[in-house]
Amino acid sequence: MLLALETATDQCSVVLYDADGIQAERLDLRAREQTRLILPMIDEILTEKGLSFKSLSAVAFSRGPGSFSGVRINAAVTQALAWAHDLPVIPVSTLQALAQHAYLKLGLTKVLAVIDARMNEVYAASYQVDQQGMMQLIGEEQLAAYHAVTITDGVQALVGSGSLLVHSDAVSSLPRHVDCIATAEDIAVLGWQLLKQGATLPAEQALPVYLRDDAWKKLDQQRKM
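With positions in the sequence shown counted from 1, the corresponding number in the working numbering is that position plus 1.
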């Protein structure tokens with residue numbers, strides 16, 4: 002059984018997942034409530050299924066990029082649970098999870114996943130589905146100004162909170178799905194494949210990925226705006 006967590010965006014979701022798919026889940030779309038919600042939500046789904054942490058094989062989590070506080074909370078909770086219960090962890094890119102959501106819910110097979118990074122920038126990356134139905138990264142994840150995003154040829158749509166912010170002739174005619182979000186279900190789907198491959202890490206490697214070296218400075222600037 003895999004526990005999957007997602008708080009890196011403006012929502013909080015948790016999922017229990019195994020070879021038969023989702024066994025229990027909770028999703029709360031209230032922004033900036035992750036700190037208060039995530040632990041009770043985990044307790045709820047374990048209780049619902051009559052399970053304990055001893056029943057888990059690993060914890061998969063959204064490692065970022067995303068909101069600074071959300072990414073930090075997700076990594077910290079994952080690391081604490083993994084240490085306390087001697088569980089391995091599986092970091093999953095928030096952008097990859099967003100692309101996976103676009104594939105699972107919208108049927109898109111090649112997308113530019115875009116998250117609003119504030120400060121006139123976005124987090125972005127291109128993904129294409131593989132033979133196993135998993136969205137795989139093309140190129141690199143990037144932090145870029147709205148007009149400077151690198152866009153892979155052949156993408157079908159832009160998805161995510163930053164999709165309306167990208168300014169480029171290359172995507173001017175493409176659909177933009179701003180309401181497409183990464184959830185713990187998407188983390189679970191990707192994490193389960195990694196678990197089957199043995200691609201787990203020890204608890205101390207449950208680390209956040211911000212893409213911004215000066216994340217604390219940027220956060221302070223946002224609070225003053």
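Where is the CB? At the ideal position from N, CA and C, for every residue including glycine.
Checklist entry - Can you give, in chain order, each stretch of the beta strand (DSSP E) that sits fully within the segment 60-122 and has at least 3 residues? => result 90-93, 111-117
Next on the checklist: For the alpha helix (DSSP H) containing Ala-207, name the first residue and the last one.
Outcome noted: Premise fails: Ala-207 is in no alpha helix (DSSP H) and is neither H nor E.
Item to check | Contact between the segment 98-107 and the segment 76-90 (3+ Cβ pairs under 8 Å) | outcome: no
Checklist entry - Taking the continuous beta strand (DSSP E) assigned at Ile-46, which residues delimit it? => result No beta strand (DSSP E) contains Ile-46, which is instead part of the alpha helix (DSSP H) from 35-50.
Checklist entry - From the DSSP output, which residues share a beta bridge with Ala-145? => result Val-123
Next on the checklist: So for Ala-20, helix, strand or coil by DSSP?
Outcome noted: coil
Next on the checklist: For the beta strand (DSSP E) containing Leu-6, name the first residue and the last one.
Outcome noted: 3-7
Checklist entry - Bridge partners of Ala-158, per DSSP? => result Val-112
Checklist entry - When the Cβ atoms of the segment 181-188 are set against those of the segment 19-32, are three or more pairs found closer than 8 Å? => result yes
Checklist entry - Could you give the distance in angstroms between the alpha-carbon of Gln-222 and the alpha-carbon of Gly-22? => result Here Gln-222 scores only 46 on pLDDT, less than 50, and its place in the model is too uncertain to base an answer on.
Checklist entry - Name the DSSP bridge partner or partners of Asp-187? => result Its beta-bridge partners do not exist; DSSP assigns none.
Checklist entry - Roughly how many angstroms lie between the CA atoms of Ser-63 and Ser-162, to the nearest whole one? => result 16 Å
Checklist entry - Just how far apart, CA to CA, sit Tyr-18 and Trp-193? => result 8 Å
Checklist entry - Could you give the C-beta distance for Leu-3 and Ser-53, rounded to a whole number, given that I count them as a contact under 8 Å? => result Rounded, the Cβ-Cβ distance is 15 Å, inconsistent with contact.
Next on the checklist: Looking only at its chain, what residues have a beta carbon closer than 7 Å to the beta carbon of Pro-176, apart from the 5 residues adjacent to it on each side?
Outcome noted: Ala-158
Checklist entry - Would you report the Cα separation of Thr-36 and Lys-111, rounded to the nearest angstrom? => result 33 Å
Checklist entry - At a Cβ threshold of 9 Å, is Arg-73 touching chain B? => result No chain B appears in the structure shown, which is made up of a single protein chain.
Checklist entry - Between the C-alpha atoms of Asp-11 and Gln-198, what's the straight-line distance to the nearest angstrom? => result 30 Å
Checklist entry - Taking all protein chains shown into account, do 16 or more other C-beta atoms lie within 10 angstroms of the C-beta of Gln-129, making it buried, or fewer, making it exposed? => result buried
Next on the checklist: Between the alpha carbons of Pro-92 and Val-15, how many angstroms are there, rounded?
Outcome noted: 14 Å
Next on the checklist: Assuming the contact rule is C-beta atoms closer than 8 Å, Leu-113 and Ser-127 should be a hit. Round their C-beta distance to whole Å, please.
Outcome noted: 5 Å
Item to check | Own chain partners of Gly-71 with C-beta closer than 7 Å, once the 5 adjacent residues on each side are dropped | outcome: Thr-8, Ala-9, Thr-10, Gln-35
Checklist entry - Going by the CB atoms, is the gap between Leu-212 and Gln-101 shorter than 9 Å? => result no
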